[in-house]
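This report concerns only the one structure given below.
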């Protein structure tokens, strides 16, 4: 594939990323581009744990076993379907020459060949993204009107799948307190912030679609971001499929205002609330709902001082709200709140800074990285607890 292509204006005001800064690259034949650092040089400059170094090096070894001329439909054997996302079908596949397992996202687009070529050029920046918090990229190719994006396979799948599995597993045991505990959510928060910071600082990329289904996990306990917007042409071509993902969009994005990293922070905050509460938090959970979720008396549910607690004036749930009602709620109603006596004060404050309606008041990534909640979980050793938790969820069955 060739380098990053040009951009064109996005009349739909959707997910055009910022200009990508050219970064270090290693050609698939192992030679360096003139004037750039090798991937190995990049890794040396990162602050990584020994397990992270081993895992990245393992991926790079796999990457060199998959020459781009051996990445096509004939070389892939479909093993099973993993799910649907952003207008594409994701499958577990095996690269037959190397026996390497991958996740392949297949997007069907009725576009001109020149547009497909431009999309491949824009996706090429993924070859330069090397971080323990970003899903690895093997390459992309076209087959008639289909574009295939081949990525690292994460055996724990996405956090929305994990949440469903935990919910249904504990529901069978007649337990209501099914939510992810705060230490696990903290570990997820640290990984997502580090992933977003890497994309922004190293490549000038905003994610633009943070939600639980775009945060992947594996049995090594790794947490990685996927499906971030590097191809403006692909986003334009898939514009109609983005309607269903708008529920995580920040208020300013829904009203067509300027998009910034704070818009990603809103989506991130909403996702953390969902992982903690067990449902998409629009409309915001009320005191009564928290009481039922955590099996405590309603009068013991206490929201932070100076905030307006959500009321049950509407009987709507996320499933019964029409999409325009959902978007109107995000823009015009108060954001979700976490109760004081259920969650820690530092977590409540952290979430509150993420879901400020006004993006000027909302925290940026640097602010969040210096927050007490982030520092606590960034420095915490879990002794493999999160990895064990993901291994357990892999063995669970769930129903959608």
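Residue numbers (the UniProt record's numbering): 1 to 400. Note that the Cβ used here is the ideal one computed from N, Cα and C, for glycine as well.
Where does residue 257 land, buried or exposed, given buried means 16+ other C-beta within 10 angstroms?
The residue is exposed, with fewer than 16 neighbouring Cβ atoms inside 10 Å.
From the DSSP secondary-structure annotation, give me the bridge partner or partners of residue 81.
Looking at the DSSP output, residue 81 bridges to 91.
Helix, strand or coil for residue 105, going by three-state DSSP, please let me know.
DSSP places residue 105 in strand when its eight states are reduced to three.
Under a three-way DSSP split, which group does residue 395 fall into?
For residue 395, the three-state secondary structure derived from DSSP is coil.
Could you give the DSSP three-state label for residue 151: helix, strand or coil?
Secondary structure at residue 151: strand, using DSSP grouped into helix, strand and coil.
Using only CA atoms, which one of 65, 138, 186, 141 lies nearest to residue 350?
Here the closest residue by C-alpha is 186.
Return the chain-ordered ranges of every alpha helix (DSSP H) run that is complete within the region 338-386 and spans a minimum of 4 residues.
Listed in chain order, the complete alpha helix (DSSP H) runs (minimum 4 residues) inside the region 338-386 are 345-354, 365-369, 372-378.
Have a look at residue 21 and residue 202 and give me their C-alpha separation to the nearest angstrom.
Interpretation of residue 21 is limited by its pLDDT of 34, a score under 50 that renders its predicted location unreliable; the figure taken from the coordinates is listed afterwards. Taking the straight line from one Cα to the other gives about 8 Å.
Quick test of your reading: residue 267 and residue 249, contact by CB under 8 Å. State the CB separation rounded to the nearest angstrom.
In this structure residue 267 touches residue 249 by the C-beta definition: roughly 7 Å separates them, less than 8 Å.
How would you label residue 305, buried or exposed, when you count the other beta carbons within 10 angstroms and need 16 or more for buried?
It counts as exposed.
With a CB to CB cut of under 6 Å and the five nearest residues on each side skipped, what residues in its chain are close to residue 162?
Cβ within range, chain order: 393.
Based on DSSP bridge pairs, tell me the residues matched to residue 49.
Assignment of beta-bridge partners to residue 49 by DSSP yields no partner.
Of all the options 65, 111, 82, 126, which has the alpha carbon lying nearest to the alpha carbon of residue 98?
Taking only the C-alpha atoms, the option nearest residue 98 is 65.
Does residue 256 come out as helix, strand or coil in the three-state DSSP assignment?
Under the three-state reduction of DSSP output, residue 256 falls in the coil class, being neither helix nor strand.
Give every residue of the same chain whose Cβ lies closer than 6 Å to the Cβ of residue 83, excluding the five residues on either side of it in the sequence, and list them in chain order.
So the list reads 90, once near-sequence residues are dropped.
For residue 48, collect the residues of the same chain with a Cβ closer than 8 Å to its Cβ; drop the 5 residues on either side in sequence, then sort them by chain order.
The answer, listed in chain order, is 56, 132.
With three or more C-beta pairs closer than 8 Å as the rule, is the region 323-343 touching the region 295-311?
At 8 Å Cβ cutoff, the stretches touch.
Out of 94, 212, 382, which one is the CA nearest neighbour of residue 277?
Check the Cα spacing between residue 277 and each of 94, 212, 382: the tightest is with 212.
Grab me the residues of residue 274's own chain with a C-beta within less than 7 Å of its C-beta, minus the 5 sequence neighbours each way, in chain order.
These residues qualify, in order along the chain: 212, 280, 281.
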